[in-house]
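> Mind having a look at this structure? Questions to follow.
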Amino acid sequence: MTIAPLDLAALLCSRLCHDVIGPVGAIINGLEVLDSNDAEMRGIAMDLIRKSAESASARLQFCRLAFGASGSLAAAIDTGHAETAAREIFNTDRTTLRWEAPRRLAPKNAVKLLLNLCLIAASAAPRGGVITAEMTGEGEDLFIRVGAVGGNVKLSQAVAHALSGSEPETIDAHSIQPYYATLLAGECGLTIDAVATAGAVTLTAKRAA
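Residues -9 to 199 in this note's numbering are what the sequence shown spells out, letter by letter.
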C-alpha cells in the first residue's frame, strides 16, 4: 500500500508524542506534589521533575535528529552529535550503547537511518542489553549495522515484516517507525536486512548486490 504524505506525517507525529508524553506527564505529577507541605515529598517531587525534564530533553534532541529536518534538506550531520543524542537515551542502567561509527560529516538520511535502526534495536531489547551501532563507507560503499544482544531480545513479526520491504496491509502508530526506516534506506539506495536469533537481533543496511 502507498501511504499519503499527510498520513505519514500524522503517524510520525503520533509516534514522537508517544515518546515524550511519559516524561512530560511525570513533570506535571511532580509539580502537583510540590503543593504538599511535606518537605520530604517536595524533595522527591523536585528529583522527579529534574530527571523527567532531562529525559524529555534527551528524547526531543534524539527525535530532532532521527525524524526532523535539522537544517536544509541536503545538509550533512555530524555523527558525533548523533552519538551524543543516542547515548542520552540508550546508555542506561540496563542498556549499554557501543557506538562504532567514526566521527565525520555524513549524509543526513544515512545518519537518520542509523538512529532509527538504533531505536528499533532498543525496542527489541525492552529489558536491556548491549546495542552496537556501526556506520562505515560512503556513497555506494555505505554500510550500516545495528545489533542488540540480551537475554530477552526479540524482533516482533510486525517490525520484521515492515523492515522487509513487503507491502504492509496496514500502517499504524506501531509500524510507522520501521516503515519510515525503510523509506530512509531507499533514499540512501540501501536495503535493510533483519536477522533474529536467540537473544540477538542484527539490522544491516547496505546496497543490494
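Glycine included, C-beta positions come from ideal geometry on N, C-alpha and C.
Look up Leu87 in the DSSP assignment and give the residues it is bridged to.
In the DSSP output, where bridge partners are listed per residue, Leu87 has Ile121.
> Among the candidates Ile121, Leu95, Cys108, whose CA atom is the shortest distance from the CA of Leu87?
For Leu87, the nearest C-alpha among the options comes from Ile121.
> Just to confirm my understanding: we take Gly118, look at its own chain, exclude 5 residues before and 5 after, and list those with CB closer than 7 Å. What are they?
Cβ within range, chain order: Arg84, Thr85, Gly140.
> Excluding the five sequence neighbours on either side, which residues of its own chain have a C-beta within less than 8 Å of the C-beta of Ile34, listed in chain order?
Closer than 8 Å at Cβ, skipping near neighbours: Val23.
> Entirely within the stretch 123 to 184 and at least 3 residues each: give me those beta strand (DSSP E) ranges in chain order.
List check, beta strand (DSSP E) in window: 133 to 139.
> Locate the beta strand (DSSP E) running through Leu215, then write down its first and last residues.
Since the first residue shown for the chain is -9 and the last is 199, residue 215 is missing from the structure and cannot be characterised.
> I believe Leu136 touches Leu107 by the beta-carbon criterion, under 8 Å. Please report the beta-carbon distance rounded to the nearest angstrom.
In the sequence as presented, Leu is not what sits at residue 136; that position holds Val. Rounded, the Cβ-Cβ distance is 4 Å, consistent with contact.
> Grab the span of the alpha helix (DSSP H) containing Ala195 for me, first residue to last.
No alpha helix (DSSP H) contains Ala195, which is instead part of the beta strand (DSSP E) from 190 to 196.
> Which of the three DSSP states, helix, strand or coil, is assigned to Asp68?
Asp68 falls in the strand class under three-state DSSP.
> Which residue marks the beginning of the alpha helix (DSSP H) containing Gly33, and which one marks its end?
Here the alpha helix (DSSP H) through Gly33 covers 29 to 56.
> Cβ of Glu90 within 8 Å of Cβ of Glu128?
No, Cβ-Cβ distance for Glu90 and Glu128 is not below 8 Å.
> Is Ala(-6) helix, strand or coil when you go by DSSP?
Three-state DSSP puts Ala(-6) in coil, outside helix and strand.
> Please work out which residues of its chain come closer than 8 Å, Cβ to Cβ, to Ser76, disregarding the five sequence neighbours upstream and downstream, and give them in chain order.
Sequence inspection shows Ala at residue 76; the Ser mentioned does not correspond to that position. Cβ neighbours of Ala76 beyond the five flanking positions: Phe52, Leu87, Trp89, Leu105, Cys108, Ala123.
> Give the DSSP bridge partners of Ala(-1), in chain order.
The partner list for Ala(-1) (beta bridge, DSSP) is empty, contrary to what the question assumes.
> What does DSSP give as the partner residue(s) for Ala186 in the beta ladder?
DSSP lists Val191 as partners of Ala186.
> Which residue's Cα is closest to the Cα of Phe57: Ala152, Leu38, Tyr170?
Checked all of Ala152, Leu38, Tyr170; the closest Cα to Phe57 is Tyr170.
> Please go through the same chain and pick out, in chain order, the residues whose beta-carbon is closer than 6 Å to the beta-carbon of Glu78, but skip the five residues on each side of it.
Excluding residues within five positions, the ones whose Cβ falls inside 6 Å are Ala48.
> Less than 8 Å separating the beta-carbons of Ile39 and Gly20?
Yes, the pair counts as a contact, with Cβ atoms nearer than the cut-off.
> Quick test of your reading: Val149 and Pro168, contact by CB under 8 Å. State the CB separation rounded to the nearest angstrom.
Right, their Cβ atoms sit about 5 Å apart.
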